[in-house]
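Each number in the numbering used here corresponds to the 1-based position in the sequence shown with 1143 added. All residues carry an ideal CB built from backbone N, CA and C; glycine is no exception. Predicted, not measured: the structure shown is a model, and the values here were computed from it. To start, the structure itself, in structure tokens.
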Amino acid sequence: MANEHFMQQALGLARANIQAGGRPFAAVLVHQGRVIAEAVNQIHLTQDPTAHAELQAIRLASQVLGSPRLEGCEIYATGHPCPMCLAAMHLCGIERAWFAYSNEDGEPYGLSTAAVYAQMARPPQQQSLPLAPLKPAGEQGLYAAWQQVQG
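Structural data, given as structure tokens:
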């Protein structure tokens, strides 16, 4: 089965990442049945908290396809995608996502993002991260300026 083959590929990458000092996360991004990007979590190398495997694969696939839109793509991730990665998948148009290990599987190891999902399910003003509008007096036209340049 092709789906299992792609997931096995992701799991192999994740196991290699563990041996390289990284976390057990990898992703394989497939377009029309062909692997166009594969990536591992690189937080340990970059100190970038957004260097998740899924985001790294999305970045590579966008370069390969020459587009920020990834319609027709599927992603195979070793762990349940965090809210940041899932949001990116929605934003770029990935059509299907698969994962091998759930948040419940990761919980005993400190690898669950269930608490972040719970925060994100709350209205923005009720989340633990304060979020408030702040537009300086007289500020206007930012989006209109963008639209004008876009033509």
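**Study point:** Where P1224 falls, given that 16 or more other Cβ within 10 Å makes a residue buried
**Key:** Residue mapping note: residue 1224 aligns to position 81 of the sequence shown, counting from 1. Burial call: buried.
Check your understanding: Is the CB-CB distance between V1183 and E1217 below 7 Å?
Key -> Walking along the sequence shown from the start, residue 1183 turns up at place 40. Walking along the sequence shown from the start, residue 1217 turns up at place 74. Contact flag unset, no.
Exercise for review: Ignore the nearest five residues each way along the sequence and tell me which others in P1267's own chain have a CB closer than 8 Å to its CB.
Suggested key: If you number the sequence shown from 1, residue 1267 lands on position 124. So the list reads L1274, once near-sequence residues are dropped.
Point to revise | Reference Y1219, options Q1291, Q1290, L1156, closest by Cα | key: Position 76 of the sequence shown, counted from the first residue, corresponds to residue 1219. Cα-wise, what sits closest to Y1219 is L1156.
Exercise for review: Give the DSSP bridge partners of G1215, in chain order.
Suggested key: As a working note, residue 1215 is residue 72 in the sequence shown. In DSSP, G1215 forms no bridge with anything.
Review point. Per DSSP, which one or two residues make a beta bridge with A1170?
Key: Taking the sequence shown and counting its residues from 1, one reaches residue 1170 at position 27. Answer by DSSP bridge pairing, in chain order: A1182, A1220.
Review point. According to the neighbour-count rule (16 or more other Cβ atoms, all chains shown, within 10 Å of its Cβ), is G1195 buried or exposed?
Key: Numbered from its first residue, the sequence shown carries residue 1195 at position 52. Note that residue 1195 corresponds to His in the displayed sequence, not to Gly. It counts as buried.
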